[in-house]
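Quick note on numbering: our numbering labels position 154 of the sequence shown as 174, and the sequence is numbered without any gaps.
Don't be surprised by glycine CBs; every beta carbon is placed ideally from N, CA and C.
Here the structure is a predicted model, which is why all the values come from computation and not from measurement.
Written below as structure tokens is the structure these notes are about.
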Amino acid sequence: MRRGSLGFTLIELLVVIAIIAILAAILFPVFARARESARRTLCTSNVKQLGMAWMMYVQDNNETFPPNNSPNAPSGEWVLRPGSFPCRPCRPVNKNTGLAYDPRPFAMPYIKNTQIFACPSDYGIPVALVPDDPSQGRPVWKVEGTSYCLNTVMTRLGTLAAIPLPAETYMGAEIYSWHSDNPFEYWFHRSGGPVRVAYFCDGHAKLATEAMIAAQCSPPAAPGVGPVP
Numbered sequence: 021m022r023r024g025s026l027g028f029t030l031i032e033l034l035v036v037i038a039i040i041a042i043l044a045a046i047l048f049p050v051f052a053r054a055r056e057s058a059r060r061t062l063c064t065s066n067v068k069q070l071g072m073a074w075m076m077y078v079q080d081n082n083e084t085f086p087p088n089n090s091p092n093a094p095s096g097e098w099v100l101r102p103g104s105f106p107c108r109p110c111r112p113v114n115k116n117t118g119l120a121y122d123p124r125p126f127a128m129p130y131i132k133n134t135q136i137f138a139c140p141s142d143y144g145i146p147v148a149l150v151p152d153d154p155s156q157g158r159p160v161w162k163v164e165g166t167s168y169c170l171n172t173v174m175t176r177l178g179t180l181a182a183i184p185l186p187a188e189t190y191m192g193a194e195i196y197s198w199h200s201d202n203p204f205e206y207w208f209h210r211s212g213g214p215v216r217v218a219y220f221c222d223g224h225a226k227l228a229t230e231a232m233i234a235a236q237c238s239p240p241a242a243p244g245v246g247p248v249p
């Protein structure tokens, strides 16, 4: 009696390979989105702790904001700058203007784990955006010490009472350019939709869309608007 073959035929092997390829094409994007979602959750936790440190600093200093430690930085706005958005001035109730700078000096006394300054999606600045930046190919937090920034307009306002709507005013965010002409290009969490991680002047943190950030202008502006003539 003739024994049957124990191996695969070529057609059967090709069918198996095709099935594996289809499953990989379906599942790999799902895994990538799940991984980015987990990183975004950790990043949100980081900026939440920065927001809490911010609030503790303010409460320990007669509700006064920390001083600006970047006096020689170029002038302009953070989050919204006239070079990218035809919407100056920003609404007085929101005050989301000013340079962005290192949040560590005010936060360190209130933070025990310095790893919160590292965004899990911080892979450095893309070469195409800033060809001469030393952070290329290296996480920004390893170069600058932090993946996050602080909105320095608060230093000009002086006190928490000077902000009419602290829950709507950006205190800082995960961003890898402190003096950005187009802030929408300079966020770590760019996959999975136009969502950014930010913390606010009442201490809370949340995901903010580009539309939410652009709406802080007066009049509102759409993301990606070119330079004002």
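Taking the C-alpha atoms as reference points, what is the distance between residue i and residue j?
i      : j      : result
Val36  : Trp74  : 56 Å
Val248 : Ala182 : In this predicted model, Val248 has a pLDDT of only 29, less than 50, meaning its place in the structure is not dependable; the value taken from the coordinates is given anyway. If you take the alpha carbons of Val248 and Ala182, they lie about 30 Å apart.
Lys226 : Ile136 : 16 Å
Pro129 : Cys63  : 20 Å
Asn82  : Tyr168 : 25 Å
Thr189 : Gln69  : 17 Å
Ala218 : Arg59  : 14 Å
Ile40  : Ser57  : 25 Å
Cys139 : Ala52  : 17 Å
Pro184 : Thr61  : 29 Å
Thr229 : Thr29  : 53 Å
Ala44  : Phe220 : 40 Å
Ile131 : Ile42  : 47 Å
Ile31  : Ala54  : 35 Å
Phe85  : Val78  : 6 Å
Trp161 : Leu34  : 47 Å
Arg158 : Pro49  : 25 Å
Ile46  : Asp142 : 26 Å
Val163 : Ala38  : 44 Å
Leu180 : Ser65  : 23 Å
Met76  : Met191 : 14 Å
Which class does residue i belong to by DSSP, given the choice of helix, strand or coil?
i      : result
Gly71  : helix
Cys139 : coil
Thr61  : helix
Arg55  : helix
Pro186 : helix
Pro49  : helix
Leu30  : helix
Ala41  : helix
Please name the residue or residues paired with residue i in a DSSP beta bridge.
i      : result
Lys132 : DSSP output for Lys132 lists no bridge partner at all.
Gly192 : Leu170 and Tyr219
Thr179 : Thr84
In terms of alpha-carbon separation, which member of the options lies closest to residue i?
i      : options                        : result
Asp80  : Ser65, Arg55, Phe126 and Ala41 : Phe126
Val67  : Ala44, Asn133 and Ala45        : Asn133
His224 : Met76, Gly165, Gly71 and Asn82 : Gly71
Thr166 : Pro186, Ala193 and Tyr77       : Ala193
Ala187 : Val160, Asp222 and Leu180      : Asp222
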